[in-house]
Amino acid sequence: MYDFLRFLPRYLPDLGFKSYVFMLEKPESCGIIIKADSPEDLRKKLRNVRRKAIVGVVGSEAVCREAVMRRRVDLILDWEERELDYATLKLAAEKDVAIELGLSKFLRTEGYKRMHLFDKLRQEIMIIKKAGSPVHRYNSR
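Numbering (the working numbering), first residue to last: 305 to 445.
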C-alpha cells in the first residue's frame with residue numbers, strides 16, 4: 305500500500321507503507337497536481353506532464369469528467385467545492401481512476417457547511433461502492 309501526501313514533511317516516520325508519493329504542483333516531483341479551470345486547460349496541461357508521473361486533478365465538475373476520460377490521469381483529488389455526478393463516478397470505475405476522499409475539509413468548516421459536506425461524502429461513498437471505483441484517502445496538513 306502506498307500513501308499519498310500533499311506536502312513534504314520534515315520528518316517522515318515509517319507508518320507501515322511501502323512507499324510515499326508526494327503530490328505537488330512541481331513537474332519534477334513523483335506525483336503532480338494539475339489545477340485546471342476548463343477541460344481545454346486540462347488537456348493543455350496534461351501535454352506537459354511526464355509519462356511516468358502520477359497525475360491528480362483538481363477542478364470543476366466538467367474538468368473532473370474530462371479527467372476521467374484521459375489515460376494520463378490517475379486520481380481525482382478532493383477539495384471543498386468538488387462536485388462529482390453519478391456518470392463521472394461510474395466512468396472513473398470503468399477507466400480505473402481513483403477518487404480521493406479527504407477529511408481535512410471537515411476540520412476547516414463548521415455548522416451547516418460541515419453537515420452538507422458529510423452528506424455529500426455519504427452520497428459519494430454510496431455511488432463509489434456501487435460503481436466499484438478505486439478510492440484513496442489522503443493525509444493533509
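Ideal placement from N, C-alpha and C gives every residue a C-beta, glycine not left out.
Take residue i and list the residues in its own chain whose beta-carbon comes closer than 7 Å to its own, dropping the five residues that flank it on each side.
i	result
residue 377	359, 361, 371, 401
residue 349	338, 340
Exposed or buried, residue i, counting other C-beta atoms within 10 Å across all chains shown (16 or more means buried)?
i	result
residue 327	buried
residue 305	For residue 305, the predicted model reports a pLDDT of 42, less than 50, meaning its position is unreliable; a value from the coordinates is still stated below. Per the 10 Å Cβ criterion, exposed.
residue 398	exposed
residue 428	buried
residue 382	buried
residue 351	exposed
residue 355	exposed
residue 386	buried
residue 411	exposed
residue 404	buried
Quick one: what's got a C-beta closer than 6 Å to residue i's C-beta in the same chain, skipping five residues either side?
i	result
residue 363	340
residue 272	For residue 272 there is no data in the structure shown, the boundaries of the chain being 305 and 445.
residue 366	343
Note down, in chain order, each residue of its chain lying with its Cβ closer than 8 Å to the Cβ of residue i, except the 5 sequence neighbours on either side.
i	result
residue 353	331, 336, 338, 359, 376
residue 347	370, 374
Which ranges would you report for the beta strand (DSSP E) in the stretch 319-401 if only whole runs of at least 3 residues count?
323-328, 335-339, 358-362
Would you call the stretch 386-396 in contact with the stretch 410-421, where contact means no fewer than 3 C-beta pairs closer than 8 Å?
no
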